[in-house]
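Residue numbers (our numbering): 67 to 345. By construction, the Cβ of each residue, glycine as well, lies at the ideal position given by its N, Cα and C atoms. These numbers come from a predicted model, not from an experiment. These notes concern the structure reproduced below.
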Amino acid sequence: MNIRDNLKSKQRIVVKIGSSSLVHAETGRLNLPKIEILAREIADLHNQGKDVIVVSSGAISVGRATMGIGELRTLKQKQACAAIGQVTLMMIYQKLFSEYGQTIAQVLLTKQTMLNDESLRNSRNTFEELFSLGVIPIVNENDTVETYDIRFGDNDRLSAIVTALVHADLLVLLSDIQGLYTEDPRSNPNAEFISEVKEIDEKLLSMAGNAPGSSFGTGGMATKLAAAEIATAAGADMIIALADDFRILHKLINGEELGTIFHAHPHEFRLREVLENMT
């Protein structure tokens with residue numbers, strides 16, 4: 067059976083949205099019509115009886131645009147922009163999701179918190195309680211307090227950690243690229259698209275190289291493959307897909323041949339060890 071035929075049956079889904087997918091490239095300000103479509107798509111998945119978590123980037127870039135700051139030169143600038151942008155981002159999410167009859171909750175995580183066994187259990191319990199209440203969690207790294215030593219570093223891997231934490235069975239990374247290629251298609255137009263990955267090996271990892279991400283985000287293809295390693299080991303399938311139109315979500319769940327899908331390869335691992343080894 068085609069792996070995509072089983073996507074309709076997924077019951078717990080994590081959807082990661084990159085910064086560049088939420089803002090206008092020219093200004094860095096939120097693309098409101100696009101986010102409204104995202105809210106509708108997520109709300110409909112929830113109405114189908116699925117648990118859904120949204121891992122959302124965008125706070126720093128929105129705060130930067132709001133304050134008219136160009137390049138962020140210091141950590142305190144970045145943290146201040148995160149604090150400003152997070153309020154705007156959650157206000158917009160709350161307004162749009164409420165229009166579709168959905169309640170959301172904000173969950174801010176740090177790597178340091180997740181390294182503590184008790185905090186890890188508490189985080190999992192919080193998510194489970196939110197699911198039981200019919201709430202859609204919106205997750206982001208707590209950029210207002212993070213430093214190099216305690217940060218996840220990118221929301222691709224954060225979304226995979228959340229996937230493992232809540233035992234989700236599907237992770238969808240929506241980004242500014244269609245999926246996995248043999249080379250960076252932005253520099254090599256002859257790069258070949260890979261629609262399905264049954265196993266992540268060294269050859270595949272070498273394809274990611276150091277391909278850059280968007281100027282609004284922190285994740286390139288290497289971080290997406292790192293996320294795939296975590297999510298598939300935790301028992302979840304994972305898809306990388308283009309976020310130009312968020313209506314792609316229901317197309318993916320309906321099994322359409324879009325994006326790159328990674329097969330789950332569940333095996334025993336300790337989430338804390340994964341976190342400790344993250345750099």
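- Closest by C-alpha distance to G151, when choosing among D117, L224, F335, R95: Ranking the options by Cα distance to G151, first place goes to R95.
- Task: Take G129 as the anchor and find which of Q145, V121, G115 has the nearest alpha-carbon.
- Result: Nearest option by C-alpha distance: Q145.
- Every unbroken beta strand (DSSP E) inside the region 193-266 [3 residues or more]: Fully enclosed beta strand (DSSP E) runs of no fewer than 3 residues occupy 201-207, 236-241 of the region 193-266, in order along the chain.
- Query: If P203 and V173 are in contact, beta carbons under 8 Å, what's the gap, nearest whole angstrom?
  - Reply: Contact flag correct, Cβ pair sits at about 5 Å.
- Taking C-beta to C-beta, are A148 and A125 nearer than 9 Å? A Cβ-Cβ contact shorter than 9 Å links A148 with A125.
- Item | Among G325, V232, M133, nearest to S351 - alpha-carbon criterion | With the chain covering only 67 through 345, there is no way to say anything about residue 351.
- Could you check the C-alpha separation between L315 and I306 for me, to the nearest Å? Distance between the alpha carbons of L315 and I306: 11 Å.
- Query: Going along the chain, which residues of its own chain have a beta-carbon closer than 6 Å to the beta-carbon of V81, five neighbours each way excluded?
  - Reply: Counting only Cβ-Cβ distances below 6 Å, and skipping sequence neighbours, we find V120, V238.
- Query: Between G200 and the rest of its own chain, which residues show a CB-CB distance below 6 Å, the 5 nearest in sequence each way excluded?
  - Reply: Nothing listed; no residue qualifies.
- Option nearest R223 by Cα separation, candidates L104, S253, M287, Y166: Closest option to R223, Cα to Cα, is M287.
- 9 Å Cβ cutoff met for T93 and A131: Going by C-beta atoms, T93 is nearer than 9 Å to A131.
- If you count every other CB in all the chains shown that lies within 10 Å of the CB of T298, and 16 or more means buried, which is it? T298 counts as buried, since no fewer than 16 other beta carbons sit within 10 angstroms of its beta carbon.
- List the whole-angstrom C-beta distance separating I327 from E262, where the pair is believed to meet the contact cut-off of C-beta under 8 Å. E262 and I327 do touch by the CB rule: their CB atoms are close to 5 Å apart, below 8 Å.
- Item | Reference I108, options T140, D71, I170, closest by Cα | Distance check between I108 and each of T140, D71, I170 places I170 closest, using alpha-carbon atoms only.
- Query: For D71, which residues of its own chain have a beta-carbon under 7 Å away from its beta-carbon, when the five flanking residues on both sides are left out?
  - Reply: Setting aside the 5 residues that flank it on each side, D71 is surrounded in the same chain by G321, each with a C-beta closer than 7 Å to its C-beta; the list follows chain order.
- Looking at the structure shown, is A149 part of a helix, part of a strand, or coil, going by DSSP? A149 falls in the helix class under three-state DSSP.
- Message: Let me confirm a value: K290 is counted as buried when at least 16 other C-beta atoms fall within 10 Å, else exposed. Which label applies?
- Response: Residue burial is scored here from C-beta neighbours: K290 has at least 16 other C-beta atoms within 10 angstroms and is therefore classed as buried.
- Item | Residue span of the alpha helix (DSSP H) that contains A309, given as start and end | That residue, A309, is in no alpha helix (DSSP H); it is neither H nor E in DSSP.
- If you run the structure through DSSP and keep just helix, strand and coil, what is T176? Residue state, collapsed to three classes: coil.
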